[in-house]
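Chemist: Structure incoming, see below.
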Amino acid sequence: MAMIRGNPSDSYKELPKYFYMLEHTNPGTVTKFHKSEDGCILYAYAYASIKDWEHCRPIMDRAGKILPLAYVIVDSENNKSWEWFFVQIKGTFGVREGMCIVSDRNESIFNATKAVYLEVPHCICMFHLWQNVKRTFKKHHKQLNDIFFALVRAYTIEKFEYHMTEIYKIDPRVQPYLFEIGYERWSKAYSKVKRSMVMTSNIAESINVANKDVR
1 MAMIRGNPSD SYKELPKYFY MLEHTNPGTV TKFHKSEDGC ILYAYAYASI
51 KDWEHCRPIM DRAGKILPLA YVIVDSENNK SWEWFFVQIK GTFGVREGMC
101 IVSDRNESIF NATKAVYLEV PHCICMFHLW QNVKRTFKKH HKQLNDIFFA
151 LVRAYTIEKF EYHMTEIYKI DPRVQPYLFE IGYERWSKAY SKVKRSMVMT
201 SNIAESINVA NKDVR
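Residue 1 is where the sequence shown starts when you use UniProt numbering, and the numbers rise one by one after that.
This is the structure:
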């Protein structure tokens, strides 16, 4: 097997050649090597994605009809690597009117977007939020399930408040918990941008499952 596939560690030495061919065969594609003190960060985005982004809904959601904008290889997901990644994204794709970013509640992602995208709302995936609600309020999670998702998807504040009242009747602790997070970060009714139907970051979970055995 080693003769066929080669040594995994040695394969990283071939990345410069691969990145060169990406730029050569896809004019306009940009790749970047960033040498840090504790390792090397590799970053790439294709020209096709750069042009396609101009015609997409201005939501970096990692879900729905998937259009990979860019990828990065790092030593770990931390504040430094995420901030570097978002700086490259912003420098290449810019900032569009009505744009937002949807992700889980990863602290490093929040810190990075706060530093790089001051003007762009950072929204929360409703399924990740639901998992937190379910763990925090275990006793009533079955009763809360349907009402919670109706609350998140409500188009009007009136409908939102109706569902919130129903939740309050089941467990009054849930309302202040959600309020502290910020209604505008996870609900359609209070969102500061048009999120369309993009309320999740499902593709992130798909990628995690696909890479589980490798990791």
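Positions of the beta carbon are idealized from the N, C-alpha and C atoms, including for glycine.
Which residues in the same chain have their Cβ closer than 6 Å to the Cβ of N145, if we skip the five residues on either side of it in sequence?
Modeler: Taking the first residue of the sequence shown as 1, we reach residue 145 at position 145. So the list is empty, once near-sequence residues are dropped.
Chemist: Taking three-plus beta-carbon pairs below 8 Å as touching, is the region 73-89 in contact with the region 169-184?
Modeler: Touching, no, given that fewer than three Cβ pairs across the two stretches are closer than 8 Å.
Chemist: Measuring straight from C-alpha to C-alpha, what distance separates R96 and N26?
Modeler: As a working note, residue 96 is residue 96 in the sequence shown. As a working note, residue 26 is residue 26 in the sequence shown. So the alpha carbons of these two residues sit roughly 24 Å apart.
Chemist: For V102, list the residues DSSP reports as bridge partners.
Modeler: Position 102 of the sequence shown, counted from the start, is the residue given in the question as residue 102. DSSP lists C123 as partners of V102.
Chemist: Measuring straight from C-alpha to C-alpha, what distance separates M164 and E23?
Modeler: Locating residue 164 in the sequence shown gives position 164, counting from the first residue. Locating residue 23 in the sequence shown gives position 23, counting from the first residue. Roughly 51 Å separates the two Cα atoms.
Chemist: So, for D171: in the same chain, excluding its five sequence neighbours on each side, which residues have a beta-carbon less than 6 Å away from its beta-carbon?
Modeler: Taking the sequence shown and counting its residues from 1, the one referred to as residue 171 is at position 171. Closer than 6 Å at the Cβ level, and outside the excluded window around D171, lie F137 and H140.
Chemist: Run through DSSP, which three-state label would Y117 get?
Modeler: The residue given as residue 117 occupies position 117 in the sequence shown. Residue state, collapsed to three classes: coil.
Chemist: Leaving out the 5 sequence neighbours to the left and right, which residues in its chain are closer than 7 Å to P68 when beta-carbon positions are compared?
Modeler: Here residue 68 refers to the residue found at position 68 when the sequence shown is read from its first residue. Here the set comprises S49.
Chemist: Just verifying my parser: in three-state terms, what is the DSSP assignment at V72?
Modeler: Position 72 of the sequence shown, counted from the first residue, corresponds to residue 72. It is a strand residue.
Chemist: Which one of E184, T29, Q143 and R5 has the shortest CA to CA distance from I157?
Modeler: On the sequence shown, position 157 is the one that residue 157 refers to. Minimum Cα distance to I157 is reached at E184.
Chemist: Would you grab the beta carbon distance between V72 and K90 for me? Rounded to a whole angstrom, and I think it's under 8 Å.
Modeler: Taking the sequence shown and counting its residues from 1, one reaches residue 72 at position 72. Taking the sequence shown and counting its residues from 1, one reaches residue 90 at position 90. About 14 Å separates the two Cβ atoms, so there is no contact after all.
Chemist: Three-state secondary structure (DSSP) at D171?
Modeler: As a first step, residue 171 must be located in the sequence shown, where it is residue number 171. Note: D171 maps to coil in three-state DSSP.
Chemist: Taking the CB atoms as reference points, tell me whether A112 and K159 lie closer together than 8 Å.
Modeler: In the sequence shown, residue 112 corresponds to position 112, counting from 1. In the sequence shown, residue 159 corresponds to position 159, counting from 1. No, these two residues do not count as a Cβ contact at 8 Å.
Chemist: Mind checking R62: buried by the 16 CB within 10 Å criterion, or exposed?
Modeler: On the sequence shown, position 62 is the one that residue 62 refers to. A caution first: R62 carries a pLDDT of 48, below 50, which makes its placement in the model too unreliable to give a value.
Chemist: So, helix, strand or coil for A2, using DSSP?
Modeler: The count along the sequence shown starts at 1 and reaches residue 2 at position 2. Reduced to three states, the DSSP call for A2 is helix.
Chemist: Which word fits F33, buried or exposed, when buried means at least 16 other C-beta atoms lie within 10 angstroms of its C-beta?
Modeler: Translated into positions along the sequence shown, residue 33 becomes position 33. Burial call: exposed.
Chemist: Check this for me: beta carbons of C100 and W186, under 8 Å apart or not?
Modeler: Residue mapping note: residue 100 aligns to position 100 of the sequence shown, counting from 1. Residue mapping note: residue 186 aligns to position 186 of the sequence shown, counting from 1. In this structure, W186 does not lie closer than 8 Å to C100 by Cβ.
Chemist: I need the straight-line Cα distance from Q143 to V133, nearest angstrom please.
Modeler: Counted from its first residue, the sequence shown places residue 143 at position 143. Counted from its first residue, the sequence shown places residue 133 at position 133. Approximately 12 Å between the Cα atoms of the pair.
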